[in-house]
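What follows is a set of notes on a single structure, which appears directly below.
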Amino acid sequence: MRCAVLRTSRKPGAAGSLPPQGGKAGARQTGAERMNTLSEKTIICRCEDLTVDEIRERIEQGYGSFEEIKRITRIGMGPCQGRTCRQHLLRELARAAGKTPGEIELPTFRPPTKQISFGAIGGLDHDQ
Amino acid sequence: MINKTAEVVVIGGGSIGCATAYNLARLGYNKVVVLEKGYICRGSTGRCAAGIRQQWGTEMNCLLSRHSIRRFERMNEELDYPDDVEFRQNGYLMVTYSEDEAKMLKNNLQLQERLGIPVQYLSIEEVKEIVPALNTERVVASTICMEDGQANPFKVTDAYMRAAKRLGVQFYTGTEVTGLRLRGGKIEAVITDRGEIAAPQVVNATGPYAKFISQMVGHELPVEPERHQIVVTEPLEPLFKPLVMNFYHQTYCQQVANGSILTGYGNSEEPKGINYTCSWQFLKALSAKIIDQLPVLRQVNIIRHWAGHYGISPDGQPVLGPVPGVEGYYLALGCGKGFMLSPMIGELVAQCAAGRETTLPLEILGVERFKKGELIIEPAVV
Numbered sequence: 167m168r169c170a171v172l173r174t175s176r177k178p179g180a181a182g183s184l185p186p187q188g189g190k191a192g193a194r195q196t197g198a199e200r201m202n203t204l205s206e207k208t209i210i211c212r213c214e215d216l217t218v219d220e221i222r223e224r225i226e227q228g229y230g231s232f233e234e235i236k237r238i239t240r241i242g243m244g245p246c247q248g249r250t251c252r253q254h255l256l257r258e259l260a261r262a263a264g265k266t267p268g269e270i271e272l273p274t275f276r277p278p279t280k281q282i283s284f285g286a287i288g289g290l291d292h293d294q
Numbered sequence: 093m094i095n096k097t098a099e100v101v102v103i104g105g106g107s108i109g110c111a112t113a114y115n116l117a118r119l120g121y122n123k124v125v126v127l128e129k130g131y132i133c134r135g136s137t138g139r140c141a142a143g144i145r146q147q148w149g150t151e152m153n154c155l156l157s158r159h160s161i162r163r164f165e166r167m168n169e170e171l172d173y174p175d176d177v178e179f180r181q182n183g184y185l186m187v188t189y190s191e192d193e194a195k196m197l198k199n200n201l202q203l204q205e206r207l208g209i210p211v212q213y214l215s216i217e218e219v220k221e222i223v224p225a226l227n228t229e230r231v232v233a234s235t236i237c238m239e240d241g242q243a244n245p246f247k248v249t250d251a252y253m254r255a256a257k258r259l260g261v262q263f264y265t266g267t268e269v270t271g272l273r274l275r276g277g278k279i280e281a282v283i284t285d286r287g288e289i290a291a292p293q294v295v296n297a298t299g300p301y302a303k304f305i306s307q308m309v310g311h312e313l314p315v316e317p318e319r320h321q322i323v324v325t326e327p328l329e330p331l332f333k334p335l336v337m338n339f340y341h342q343t344y345c346q347q348v349a350n351g352s353i354l355t356g357y358g359n360s361e362e363p364k365g366i367n368y369t370c371s372w373q374f375l376k377a378l379s380a381k382i383i384d385q386l387p388v389l390r391q392v393n394i395i396r397h398w399a400g401h402y403g404i405s406p407d408g409q410p411v412l413g414p415v416p417g418v419e420g421y422y423l424a425l426g427c428g429k430g431f432m433l434s435p436m437i438g439e440l441v442a443q444c445a446a447g448r449e450t451t452l453p454l455e456i457l458g459v460e461r462f463k464k465g466e467l468i469i470e471p472a473v474v
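Protein sequence lines, in the order shown, are assigned to chains A and B.
To get this note's numbering, take the position in the first sequence, counting from 1, and add 166.
To get this note's numbering, take the position in the second sequence, counting from 1, and add 92.
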């Protein structure tokens, strides 16, 4: 008996998760500038397959904090545990609230720091 | 600024608080206020294992869950929810390793059959067929109910909150109740860190925090917070359908909608109290329990670990309805099954507060039973 790790597939028609590089030739864009150039189909949470427009819609509906959006969309709850999407969501929340990302309250950082298997923790693998 | 007056204040923005507020508004209350000290779903609802079952050992737990399941089945439509509460009836598989526990399951089965709950007693071969990954070496007895299942606690609470808002209910998050004022044995006002709300009725839907609210009116409530911890793994291809509840290991384990395995337990030996920390001891013990039951999960990675609480009542049953001696004060406490019973608890407590006839008799679950010693102990808890 074996079990297989599930690989999520992207939504059909979704653009890549990296924002397009544009703007003045040679000028390095700030993160906020790049967020402004995202297409609505750009994925910002790869684990849960969430596009930037889905997140913006939730913010418009009144889910104004990181914790609320996390609970309703599962953003940051997948295998990467927010390592990819956290900064993107902070920027979106900051933009909507007219604040800087540093002023947005962060969600709880939960253990384990790195993924770890039941076998490794149970110590059973060392006994064999 | 918050409202200065209300007809009824519901304390707690979890599934029960939101369901109660929705039902109060439906029964004709015009000024319903919900107070939540954090954000919606911050407490036990947002931390629970999301299971919904009818396989209980007391008549009231069976009836409350039976009626709740009927409401989960049509929740998207009833609450006109544009999203999906993700109610899935994949069953609950109860597993025992000892003759004593097997006897308990058989007794419960008789009660469940009498109440029309479709539960089956399974042979070991049938267990293997339903969950091929399960280690059945030590299994003595097992039952399954295919109407049981799971739902998304965030979405269920969101659905109730949105429906309540459409009916005019006011929600104040980030608002902590610091006191309750009585006059002549009656509720007069709710005091918060954002001001006072004059109200003749208050519903305590704060789960594991309920005793602290009760203390504000001088009421000693024997419902104690018990920490439970849960982990979730990386998502897997479909592996098994029902939630596996093991009485020997005291664990619950299920594969949730996105493919992750969600499993945990609570250590009843721990000192009672609010404790949100995650412990290494738990991870170590849980890993051994899971590898014994589902050896196939040995190499599967845990990605997230959190803690929440049950509000433990002396008999394992909910505590519902008025509190004698404190007029206008009502309890809406699921006591370890708040999320799964929230549709019925919300309905019954709202009916009771509104002075209407209740769908099910409520008196038997009143708080006076602890004083009178009239306890009917729920045996099927982990």
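The C-beta atom is built at its ideal place from N, Cα and C for all residues, glycine as well.
Check	Outcome
Kindly indicate which three-state DSSP category K190 (chain A) falls into: helix, strand or coil?	Because the pLDDT of K190 (chain A) is 49, which lies under 50, any placement of that residue in the model is unreliable, and the question is left without a value.
Would DSSP call W372 (chain B) helix, strand or coil?	helix
Apart from the five residues just before and just after K190 (chain A), which ones in its own chain have a Cβ nearer than 6 Å to its Cβ?	Interpretation of K190 (chain A) is limited by its pLDDT of 49, a score under 50 that renders its predicted location unreliable; the figure taken from the coordinates is listed afterwards. Answer for K190 (chain A): no residue qualifies.
Tell whether a beta-carbon distance below 8 Å holds between A445 (chain B) and V295 (chain B).	yes
Taking the CB atoms as reference points, tell me whether R168 (chain A) and V336 (chain B) lie closer together than 8 Å.	no
Please return the same chain residues whose Cβ sits closer than 7 Å to the Cβ of N168 (chain B), not counting the five positions on each side in sequence.	D176 and V177
For R448 (chain B), which residues from the same chain have a beta carbon less than 7 Å from its beta carbon, with the 5 sequence-adjacent residues on both sides left out?	L119
Find the residues of chain B that neighbour L172 (chain A), judging by a C-beta separation of less than 7 Å, and give them in chain order.	P327, L328, E329 and G351
Quick one: is Q247 (chain A) buried, meaning 16 or more other Cβ sit within 10 Å of its Cβ, or exposed?	buried
DSSP three-state label for D293 (chain A), please.	Confidence at D293 (chain A) is low in this model, with a pLDDT of 44, below 50, so the placement of that residue should be treated as unreliable; the coordinate-derived value is given next. D293 (chain A) falls in the helix class under three-state DSSP.
Hey, is V315 (chain B)'s beta-carbon within less than 8 Å of any beta-carbon in chain A?	no
Drop a sphere of 10 angstroms on the beta-carbon of Q212 (chain B), count the other beta-carbons inside from all chains shown, and report buried for 16 or more, exposed for fewer.	exposed
Quick test of your reading: V269 (chain B) and I305 (chain B), contact by CB under 8 Å. State the CB separation rounded to the nearest angstrom.	7 Å
Return the residues of the region 117–149 of chain B that lie within a Cβ-Cβ distance of less than 9 Å from chain A, sorted by chain order.	G130, Y131, I132, C133, R134 and G138
Say whether the region 147–163 of chain B touches the region 248–266 of chain A, bearing in mind that this needs 3 or more beta-carbon pairs closer than 8 Å, one atom from each stretch.	no
For the alpha helix (DSSP H) that A399 (chain B) lies in, which residues bound it at each end?	First-last for A399 (chain B): N393 to I404, but that is the beta strand (DSSP E), not the alpha helix (DSSP H).
According to DSSP, is N367 (chain B) helix, strand or coil?	coil
Would Q391 (chain B) count as contacting chain A if we go by Cβ distances under 8 Å?	yes
From A263 (chain A) to R273 (chain B), what distance separates their C-alpha atoms?	37 Å
Determine, using beta carbons only, whether L375 (chain B) comes closer than 8 Å to chain A.	yes
Specify, as a first and last residue, the run of the alpha helix (DSSP H) that V219 (chain B) falls within.	I216 to I222
Under 8 Å between C-beta atoms, does P224 (chain B) make it to chain A?	yes
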